[in-house]
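Undergrad:
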Amino acid sequence: MRALVIGAGGQLGRALQATIPATAELVAPPRSDCDLSNAVQLERWLGDTRPDVVFNAAAYTAVDAAEHDEATARLVNAIAVGRLAEAARHHGARLVHVSTDFVFDGETSRPYAPDDAPNPLNAYGRTKREGEVAVLQSGADALIVRTAWVHFEHGRNFVHTMLRLMRERDEVGVVSDQIGAPTYARNLARALWLLAERPAGGFYHFTDSGVASWYDFAVAIREEATAAGIVRDAAPIVPIRTDDYPTAARRPRFSVLDNSKTWSALGTRGQHWREALREMLGRIDRNG
Numbered sequence: 032m033r034a035l036v037i038g039a040g041g042q043l044g045r046a047l048q049a050t051i052p053a054t055a056e057l058v059a060p061p062r063s064d065c066d067l068s069n070a071v072q073l074e075r076w077l078g079d080t081r082p083d084v085v086f087n088a089a090a091y092t093a094v095d096a097a098e099h100d101e102a103t104a105r106l107v108n109a110i111a112v113g114r115l116a117e118a119a120r121h122h123g124a125r126l127v128h129v130s131t132d133f134v135f136d137g138e139t140s141r142p143y144a145p146d147d148a149p150n151p152l153n154a155y156g157r158t159k160r161e162g163e164v165a166v167l168q169s170g171a172d173a174l175i176v177r178t179a180w181v182h183f184e185h186g187r188n189f190v191h192t193m194l195r196l197m198r199e200r201d202e203v204g205v206v207s208d209q210i211g212a213p214t215y216a217r218n219l220a221r222a223l224w225l226l227a228e229r230p231a232g233g234f235y236h237f238t239d240s241g242v243a244s245w246y247d248f249a250v251a252i253r254e255e256a257t258a259a260g261i262v263r264d265a266a267p268i269v270p271i272r273t274d275d276y277p278t279a280a281r282r283p284r285f286s287v288l289d290n291s292k293t294w295s296a297l298g299t300r301g302q303h304w305r306e307a308l309r310e311m312l313g314r315i316d317r318n319g
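Numbered per this note's numbering, the sequence shown spans residues 32 to 319.
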């Protein structure tokens, strides 16, 4: 299987490269040569590489910034995604597109199934939902995988932010009333590779197993990083409410995804998020 990854320099793009199966060949151009929002570049790369599968790991993910620049978020997350899907269909490639838990409003008390009705609360969620619709309307052979709270040993993410704040501050306040599931990018990438090889289509959900609040996640980061010797004298983590930490974009209070369809397709349950966090910290740059 020959695969082309769009967004090769991001967390998921790098994880896809780190987990490539022995039977696959991956082409991973840098953003400077293959920008999701550049239709000419996309067409050239699909035409030159003739991939069997295209992984779209690129997105506009600045959730709060999107509230003030929804047009740019829409260009990347929806318009460009639609063009990519049409190009994949034209070249006979399968598209694996990654979406988000933020397409849901968080008003339920049970995990969201793939066929639950989306109702995004913010510009980021709206544009990601528009991207999903564009993929469906393209007629491409496509798989849409929603995920959440992704972290990786490299790049900017919640884990790295917490490690920095625990070194810099006397106390770190973290929201305790938003519930989801942390997801290690390597686990997501492994699942995407497996799903890409199966005759799966439509919507799937993938996160690491278990649930947590951002506060729970931060406490686990502190405990695991301290045990691993990554941080010393780490600042304590203090729970705060969403209302005490106002942001430009509203976040869903409960965005746990139901992974049962994906686990059934893969024949295995996902790794628990805390075990995955420990694995990730084992690979992290200790000076980061």
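All C-beta atoms, glycine included, are put in the ideal place defined by N, C-alpha and C.
1) Could you give the residue range of the alpha helix (DSSP H) that holds residue 234?
2) Consult DSSP for residue 125 and reduce its assignment to one of helix, strand or coil.
3) Among residues of its own chain, excluding the 5 on either side of residue 119, which ones have a beta-carbon nearer than 6 angstroms to its beta-carbon?
4) Going along the chain, which residues of its own chain have a beta-carbon closer than 7 angstroms to the beta-carbon of residue 104, five neighbours each way excluded?
5) What residue range is occupied by the uninterrupted alpha helix (DSSP H) comprising residue 218?
6) In whole angstroms, what is the alpha-carbon distance linking residue 161 and residue 109?
7) Using the three-state DSSP reduction, which class does residue 135 fall into: helix, strand or coil?
8) Taking the Cβ atom as the reference point for each residue, do residue 4 and residue 180 lie within a distance shorter than 8 angstroms?
9) If you follow the beta strand (DSSP E) that residue 33 is in, where does it begin and where does it stop?
10) Quick check on residue 39: buried or exposed, where buried means 16 or more other Cβ atoms within 10 Å of its Cβ?
11) Along the chain, where does the beta strand (DSSP E) that runs through residue 56 open and close?
12) Taking the C-alpha atoms as reference points, what is the distance between residue 3 and residue 231?
13) Which partner residues does residue 182 have in the DSSP bridge list?
14) Cα separation between residue 221 and residue 52?
15) Can you tell me whether DSSP reads residue 246 as helix, strand or coil?
16) With DSSP run on the structure shown, which of helix, strand or coil describes residue 281?
17) What number of angstroms, rounded off, separates the C-alpha of residue 83 from the C-alpha of residue 34?
18) Mark residue 88 as exposed unless 16 or more other C-beta atoms lie within 10 angstroms of its C-beta, in which case mark it buried.
19) So for residue 87, helix, strand or coil by DSSP?
20) Could you tell me which whole beta strand (DSSP E) segments of length 3 or greater appear in the stretch 250-302?
21) Name the residue from 273, 137, 45, 269 whose alpha carbon lies nearest to the alpha carbon of residue 208.
22) Grab the span of the beta strand (DSSP E) containing residue 107 for me, first residue to last.
23) Could you check where the beta strand (DSSP E) with residue 44 kicks off and where it finishes?
24) In terms of DSSP beta bridges, what is residue 205 paired with?
25) So residue 169 is in the alpha helix (DSSP H); what residue range does that whole segment cover?
26) Could you please give me the residues that DSSP links to residue 240 through a beta bridge?
TA: Looking at the coordinates:
1) Unbroken run through residue 234 is the beta strand (DSSP E), 233-236; no alpha helix (DSSP H).
2) strand
3) 85, 126, 171
4) 91, 97, 154, 155, 158
5) 216-227
6) 5 angstroms
7) coil
8) Residue 4 is absent from the structure shown; the chain starts at 32 and stops at 319.
9) 33-37
10) buried
11) 56-58
12) Lying outside 32 to 319, the shown extent of the chain, residue 3 is not represented and no answer is given.
13) 215
14) 9 angstroms
15) helix
16) coil
17) 6 angstroms
18) buried
19) strand
20) 268-271
21) 273
22) Note, residue 107: premise wrong, no beta strand (DSSP E); not H, not E.
23) Not the beta strand (DSSP E): residue 44 falls in the alpha helix (DSSP H), residues 42-49.
24) 270
25) 154-169
26) 303
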